[in-house]
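Working notes, structure below.
Residue numbers (our numbering): 156 to 307.
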């Protein structure tokens, strides 16, 4: 499977990279976002969501578990599972309904939902490297392969 690696010098570069990836996406699409607290997952998501002409504030859904962005061209569901106590809670919130249609699902802390989440098309891992961030993308499906090949 394809793997891409990029270094991002600051938050603006992280937002810009989210916008760049968005231009290659095909729906439905599931993206897992991995990395330590503060590594830039929500900043990356902000760029991606804003690329679909969303003008409002993009915040981390840490306390709500999911933040919906139902836009004209796509429905985006930004999940943050960091505070999820039991993965079975995802079944009660109807998690399977989010993985269909013209939906883009961005899932932070996907390891907290093991067994209840659909597999990712793209795995995004963000980490600190010295004074900047690094982002590694891995294709995890045929759709993910196609999306990442459009980035190169």
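Ideal Cβ positions, reconstructed from N, Cα and C, are used throughout, including at glycine.
Spatially closest choice to residue 300 from 184, 172 and 170, by CA coordinates: 184
CB residue 161 to CB residue 290, shorter than 8 Å? yes
Where residue 238 falls: helix, strand or coil (DSSP): coil
Beta-carbon spacing of residue 302, residue 180 below 8 Å: yes
Going along the chain, which unbroken runs of the alpha helix (DSSP H) with 4 or more residues stay wholly within the stretch 211–299? 244–247
Alpha helix (DSSP H) containing residue 199: first to last residue? 196–205
For residue 303, which of helix, strand or coil comes out of DSSP? helix
When DSSP labels each residue in this structure, what does residue 180 get in the three-state scheme? coil
The stretch 238–255 contacting the stretch 276–291, beta-carbon criterion three pairs below 8 Å: no
Any C-beta of chain C sitting closer than 8 Å to the C-beta of residue 212? Reference to chain C is not applicable here, since this structure consists of a single protein chain.
May I ask you to list the residues that DSSP assigns as paired with residue 98? Nothing about residue 98 can be read from this structure; the chain reaches only from 156 to 307.
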